[in-house]
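**Student:**
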Amino acid sequence: MILAVSGWREWKDAAFIRRHLDEAIGQHFLLGERTVPVTVRVGEQRGADAIVRAHIAGTDGVTPAVYDAGWTPENHHYAGSVRNKRMLLGDDLDDVTAGRMADLLLAFPQPGKVWNGKGSGTWNCITQAHYRGIEVRIPAYRVSDELRGSDQPLLDLAGQVIS
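Going by our numbering, the first residue of the sequence shown is number 47, and it counts up by one from there.
#1: DSSP three-state label for Ser166, please.
#2: Can you name, in chain order, every residue of its own chain whose Cβ lies under 6 Å from the Cβ of Ser127, other than the five neighbours on each side?
#3: Which of helix, strand or coil does DSSP assign to Val128?
#4: Would you decide whether His101 is buried or exposed? Buried here means 16 or more other CB atoms lie within 10 Å of its CB.
#5: Can you look up Ile180 in the DSSP assignment and give me helix, strand or coil?
#6: In the DSSP output, which residue or residues are listed as bridge partners for Pro110?
#7: Shorter than 8 Å from the beta carbon of Ile172 to some beta carbon of chain D?
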């Protein structure tokens, strides 16, 4: 199974992402489809990407494939979109599943914000996955008990900090 993950750079609720990542990987294992290790393709950014990378590091049977956008002043308008396409199609020689399309995109866009067609790499990735016929899952956000019990403010929901 090849799982691509994309998400908002400001995610702080790691428990929410870990739970849904574990469910996606666990369903694959429970269905007896584990003929080869699971590959998780993810970006190199902070937030959701960093949570995913930390969670799968050293996990038996799960191989990470980190896709760098190669941001520069010249390409900053489209580097994320190109990286999303490469991640979905497996266009990276360091990816053990290179050349194979992702089976599933697990997406974590900013909660409460409707995409306006610009400025969201996560929504761009969702759109590209739909276009290519890749299954997309966008879990409905519910604050985890772990974050609710902490002193930090909850997520910025469409510009409003919830505490």
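C-beta atoms are modelled at their ideal positions from N, C-alpha and C, and glycine is treated no differently.
**Tutor:** According to the data block:
#1: Position 120 of the sequence shown, counting from 1, holds the residue named residue 166. Of the three classes helix, strand and coil, the one that applies to Ser166 here is coil, per DSSP.
#2: In the sequence shown, the residue the question calls residue 127 occupies position 81. The answer, listed in chain order, is Asn170.
#3: Counting from 1 along the sequence shown, the entry for residue 128 is found at position 82. Looking at Val128 - three-state DSSP - the assignment turns out to be helix.
#4: As a first step, residue 101 must be located in the sequence shown, where it is residue number 55. Buried: at least 16 other Cβ atoms inside 10 Å.
#5: Mapped onto the sequence shown, residue 180 falls at position 134. Note: Ile180 maps to coil in three-state DSSP.
#6: Here residue 110 refers to the residue found at position 64 when the sequence shown is read from its first residue. Pro110 is bridged to Val86.
#7: The structure shown contains no chain D, having only a single protein chain.
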